[in-house]
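*Asks:* Next up is a structure, given as structure tokens.
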Amino acid sequence: MIKFWKPLLAIALICALALTGLGLAAQSPAAAAQAERADEFRAVWVATVYRLDYPSRATTDPAVLKRDADAILQGCVDMGMNAVILQVRPSADALYPSELYPWSKYLTGTQGTAPKNGFDPLAYWVERAHALGLELHAWINPFRITKGGAAEFQALTADHPAKLHPDWVVEYEGDYYFNPGLPEVREYIVRGAEELARKYDIDGIHLDDYFYPGSGFDDGAAYAKYGKGFSNIGDWRRDNVNQLVKTLGERIHAIDPGLSYGISPSGVWADKSSLPQGSNTTGGYESYYASYADSRKWVKEGWIDYICPQIYWYIGHKSMDYATVARWWADTVKGTGVSLYIGMADYLAGNSDPKSPWYGTAAIEQQLVLNDTLPQVAGEVHFRYQLMAENPELLALYAEAYGEEAQEPAEPAYLNTREHDAYIQGNDGRFRPEDSLSRAEAVAMLARLSVDEQGNLLYSGAPGTGGFSDVKRGDWYAPYVAFAKRYGIANGYLDGTFRPEQPVSRAELVKLIASYFTVEGGTSPFPDVPAGHWAAEVVSFAAEEGWVSGYPDGTFRPDAPVSRAEAVKILNHALDRRAGERAAALPFTDVEKGHWACDEIREAAVSHTYRKSGEGETWLTYER
Numbered sequence: 220m221i222k223f224w225k226p227l228l229a230i231a232l233i234c235a236l237a238l239t240g241l242g243l244a245a246q247s248p249a250a251a252a253q254a255e256r257a258d259e260f261r262a263v264w265v266a267t268v269y270r271l272d273y274p275s276r277a278t279t280d281p282a283v284l285k286r287d288a289d290a291i292l293q294g295c296v297d298m299g300m301n302a303v304i305l306q307v308r309p310s311a312d313a314l315y316p317s318e319l320y321p322w323s324k325y326l327t328g329t330q331g332t333a334p335k336n337g338f339d340p341l342a343y344w345v346e347r348a349h350a351l352g353l354e355l356h357a358w359i360n361p362f363r364i365t366k367g368g369a370a371e372f373q374a375l376t377a378d379h380p381a382k383l384h385p386d387w388v389v390e391y392e393g394d395y396y397f398n399p400g401l402p403e404v405r406e407y408i409v410r411g412a413e414e415l416a417r418k419y420d421i422d423g424i425h426l427d428d429y430f431y432p433g434s435g436f437d438d439g440a441a442y443a444k445y446g447k448g449f450s451n452i453g454d455w456r457r458d459n460v461n462q463l464v465k466t467l468g469e470r471i472h473a474i475d476p477g478l479s480y481g482i483s484p485s486g487v488w489a490d491k492s493s494l495p496q497g498s499n500t501t502g503g504y505e506s507y508y509a510s511y512a513d514s515r516k517w518v519k520e521g522w523i524d525y526i527c528p529q530i531y532w533y534i535g536h537k538s539m540d541y542a543t544v545a546r547w548w549a550d551t552v553k554g555t556g557v558s559l560y561i562g563m564a565d566y567l568a569g570n571s572d573p574k575s576p577w578y579g580t581a582a583i584e585q586q587l588v589l590n591d592t593l594p595q596v597a598g599e600v601h602f603r604y605q606l607m608a609e610n611p612e613l614l615a616l617y618a619e620a621y622g623e624e625a626q627e628p629a630e631p632a633y634l635n636t637r638e639h640d641a642y643i644q645g646n647d648g649r650f651r652p653e654d655s656l657s658r659a660e661a662v663a664m665l666a667r668l669s670v671d672e673q674g675n676l677l678y679s680g681a682p683g684t685g686g687f688s689d690v691k692r693g694d695w696y697a698p699y700v701a702f703a704k705r706y707g708i709a710n711g712y713l714d715g716t717f718r719p720e721q722p723v724s725r726a727e728l729v730k731l732i733a734s735y736f737t738v739e740g741g742t743s744p745f746p747d748v749p750a751g752h753w754a755a756e757v758v759s760f761a762a763e764e765g766w767v768s769g770y771p772d773g774t775f776r777p778d779a780p781v782s783r784a785e786a787v788k789i790l791n792h793a794l795d796r797r798a799g800e801r802a803a804a805l806p807f808t809d810v811e812k813g814h815w816a817c818d819e820i821r822e823a824a825v826s827h828t829y830r831k832s833g834e835g836e837t838w839l840t841y842e843r
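Each residue of the sequence shown is one higher than the last, beginning at 220 in the numbering used here.
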């Protein structure tokens, strides 16, 4: 059989590899495509209501407004983001000169007051975002007027649409909203979106989940007037929202067909106990009923370009499990052409209580790993900027997960078969040859052996964790795991872990090494690796290439943990490194001269130059 070298492909589909118990990189084109992160949507919500993120203080000074914008945009770049979702209409007001809405008080301190010198904040954000390679999406709250009660409502400017059209307004639990049941209200909101699409070179328009605030909304008069043909007020309310969603998309796409249009509803559409198409959740908040948002219909009808559900729960949540909800959305968008971006609860990360599921960044890390296993997940949106910027752990996480270090490598990785450098290490002068090889040790060996096409070593020891919840930056294996994740050598498990101390089986090790080769499998010579076994092809390939020979009884024992000594022998054979008795001293005190793997271990533990001949391999120089 002819042997071919090839670069490692991108990270494999974990769901397929979970059957092996290792999560090694397979050579699936679908898996390779899934690992591409460069085209994923990686965005941050920048909230302006109450000046949560922008600006730092109310001001009419363009210099301050520019400075704050620059800081946020650069911060997003530093985290590896490629988009910003800026709240441009926080409460039926505007952060730009609008013919329909007054200037926002959150911007300048007084509603209706513009920044000095004709400064247009939104135009500046768009210009600077694009200069930094970021998309800028305009985030609008469609029906919300105030969140501060009657006093805030009374303080609205005289030319505010709520004051000009008091019949459009409904008070609900002390706050004020436009009535979605009025056609003129929906038309006004659509016109506001059209204004944005015409005036600005924005990349998208984004609606959040402020639709109906609750079932007690006082819209009986509108229902009596416009609700004919509906058997109940709930269906009518959902239809009102549906009309807005559909019409707004049609109208802005008529202006700019390339404009991205998306909505971010609450994470749970409906529980399965309420609607058969719903998710296996029991949390009690179902947006289909609570805010009358039929977000599943928007996807199935193709009215929007993307859906961004706010899945603000952790993996393992008893009633609204993140993994359950994310998979439901992945199934929902499948085959629709609508992109799925996950709304992430970064504001919850960093809890100081070690018992909290939101302690540190582990929950977010697990979610990112899970997202990578779902082909339909095309990105994430993170809430919200300032809380992320104030969390050093999150900054480090995203710099690693999204930043330059985490992008697809500029060069592929090959196994180093030319130089015979040491690739194994011991501990306290011992090698522990009969101990099981762990996942961390396996990826460490292969990282030390990975080179580019010119033969230059790729592993640099750069810090990282690979985003796995059970790999911390201080762990000896963390840089190796991060390297292995980046180059597609190994991946983790569905729960977001890597399990670095877990033993590697004999079949799993062969699979791992075979990832560097073009495998041409045949018939396995081992009775315990029959055709149909998940590793049959790679074990057959390894046997034919002479990497493995099995045991005296003819078996291979694919599921048996591979020892450290066995792993070295198998890898030496795959590298065509020929062991033999040498003058070099063994660097380990627990490997005696008479040990069956003594020469194999020396070959792997001592860097040397060599000359090959028909008799084997002659060492020319070696490290003493």
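We put the beta carbon where it would ideally sit given N, CA and C, even for glycine.
#1: Quick one, which of A703, S317, A350 and Y507 has its alpha-carbon nearest F338's?
#2: Looking only at its chain, what residues have a beta carbon closer than 6 Å to the beta carbon of S826, apart from the 5 residues adjacent to it on each side?
#3: Tell me which residues share the same chain as G743 and place their Cβ nearer than 8 Å to its Cβ, disregarding the 5 neighbours each side in the sequence.
#4: Where does Q673 land, buried or exposed, given buried means 16+ other C-beta within 10 angstroms?
#5: Should G393 and G423 be called a contact, given that it needs their Cβ atoms to be closer than 8 Å?
#6: Could you tell me the alpha carbon to alpha carbon distance between R725 and S657, rounded to whole angstroms?
#7: Mind checking which residues open and close the beta strand (DSSP E) that includes S832?
#8: Between A779 and the rest of its own chain, which residues show a CB-CB distance below 7 Å, the 5 nearest in sequence each way excluded?
#9: Any contact between the region 551-564 and the region 520-530? By contact I mean 3 or more CB pairs, one from each, below 8 Å.
#10: T543 to A549, Cα distance in whole Å?
#11: In three-state DSSP terms, what is D694?
#12: Leaving out five residues on either side along the sequence, give the residues of the same chain with a beta carbon under 6 Å from the beta carbon of I221.
#13: Nearest to W838 by alpha carbon, out of G328, R796 and G497?
#14: From this set, E469, W455 and T500, which residue's C-alpha is nearest K537's C-alpha?
#15: From the DSSP output, which residues share a beta bridge with R649?
#16: How would you label A250, buried or exposed, when you count the other beta carbons within 10 angstroms and need 16 or more for buried?
#17: By the 10 Å Cβ neighbour count, where 16 or more other Cβ atoms means buried, how is S510 classified, buried or exposed?
#18: Give the single residue among Y431, R456 and G433 whose Cα lies nearest to the Cα of A443.
#19: Around the C-beta of A244, are 16 or more other C-beta atoms found within 10 angstroms, so that it is buried, or is it exposed?
#20: Taking 8 Å as the threshold (C-beta atoms), are H425 and H472 in contact?
#21: Using the Cα positions of G799 and V690, report the straight-line distance between them to the nearest angstrom.
#22: How far does the beta strand (DSSP E) with Y442 in it extend, from its first residue to its last?
#23: Can you check which of these residues, T332, D258 and R637, is closest to R830 by C-alpha distance?
#24: Please classify L383: is it buried, with 16 or more other beta-carbons within 10 angstroms of its beta-carbon, or exposed?
#25: Using a Cβ-Cβ cut-off of 8 Å (strictly less than) and excluding sequence neighbours within five positions of C817, which residues of its own chain qualify?
#26: Quick one: residues in its chain with C-beta nearer than 7 Å to the C-beta of R410, no 5 flanking neighbours on either side, listed in chain order?
#27: Can you give me the Cβ contacts of D280 inside the same chain, cut-off strictly under 7 Å, excluding the 5 residues immediately before and after it?
#28: Whose C-beta lies closer than 8 Å to the C-beta of K491 among residues of the same chain, with five residues either side of it excluded?
#29: Straight-line CA distance for P746 to K730?
#30: Taking only three categories from DSSP, how would you classify N570?
#31: If you follow the alpha helix (DSSP H) that H536 is part of, which residue opens it and which one closes it?
#32: For the beta strand (DSSP E) that D394 lies in, which residues bound it at each end?
#33: Helix or strand or just coil, what does DSSP make of T837?
#34: Between the Cα of L790 and those of E660, A582, I452 and Q373, spot the shortest distance and give me the residue it belongs to.
#35: Identify which residue in A377, G400 and L375 has its Cα closest to the Cα of W387.
#36: So, V487 versus Y504, is the Cβ gap smaller than 8 Å?
*Replies:* Taking the structure as given:
#1: Ranking the options by Cα distance to F338, first place goes to S317.
#2: Cβ within range, chain order: D640, A641 and E842.
#3: Sequence check: residue 743 is Ser here, not Gly. Excluding residues within five positions, the ones whose Cβ falls inside 8 Å are P749, A750, H752, A755, V758, S759, A762 and F775.
#4: Exposed: under 16 other Cβ atoms inside 10 Å.
#5: Taking 8 Å as the Cβ cut-off, G393 and G423 do not qualify as a contacting pair.
#6: Across the structure, R725 and S657 are spaced so that their CA atoms are roughly 11 Å apart.
#7: Where S832 is concerned, the enclosing beta strand (DSSP E) stretches over H827 to S832.
#8: The beta carbon of A779 is closer than 7 Å to those of S724 and R725 in its chain, skipping five residues each way along the sequence.
#9: Enough Cβ pairs lie closer than 8 Å, so yes.
#10: Their backbone Cα atoms lie some 10 Å apart in a straight line.
#11: Three-state DSSP puts D694 in coil, outside helix and strand.
#12: Its pLDDT being 27, under 50, I221 is placed unreliably by the model, and the measurement read from it follows with that caveat. Excluding sequence neighbours, I221 sits near nothing in its chain.
#13: Nearest in C-alpha terms to W838, of all of G328, R796 and G497, is R796.
#14: It is T500.
#15: Note: R649 sits in a beta bridge opposite N646.
#16: Its pLDDT being 31, under 50, A250 is placed unreliably by the model, and nothing is read from it.
#17: Answer is buried; the Cβ neighbour count reaches 16.
#18: Looking from the CA of A443, the closest CA among Y431, R456 and G433 belongs to R456.
#19: Legend: pLDDT at A244 = 34, less than 50; position of this residue unreliable, value from coordinates given subsequently. Buried: at least 16 other Cβ atoms inside 10 Å.
#20: No, the Cβ-Cβ distance between H472 and H425 is not below 8 Å.
#21: Across the structure, G799 and V690 are spaced so that their CA atoms are roughly 37 Å apart.
#22: Per DSSP, Y442 belongs to no beta strand (DSSP E); it is in the alpha helix (DSSP H), G439 to Y445.
#23: Distance check between R830 and each of T332, D258 and R637 places R637 closest, using alpha-carbon atoms only.
#24: By the neighbour-count rule (16 or more Cβ atoms within 10 Å), L383 is not buried but exposed.
#25: Only L805, V810 and E811 meet the Cβ criterion.
#26: Cβ within range, chain order: L319.
#27: So the qualifying residues of the chain are K335.
#28: Counting only Cβ-Cβ distances below 8 Å, and skipping sequence neighbours, we find G497, S498, N499 and T500.
#29: Going by the C-alpha atoms only, they are around 18 Å apart.
#30: DSSP, read as helix, strand or coil, puts N570 in strand.
#31: Per DSSP, H536 lies in no alpha helix (DSSP H) and is assigned neither H nor E.
#32: That run of the beta strand (DSSP E) goes D394 to F397.
#33: In the three-state reduction of the DSSP assignment, T837 falls in the strand class, which pools E and B.
#34: With distances taken between Cα atoms, L790 lies closest to E660.
#35: Out of A377, G400 and L375, G400 has the C-alpha closest to the C-alpha of W387.
#36: Yes, the pair counts as a contact, with Cβ atoms nearer than the cut-off.
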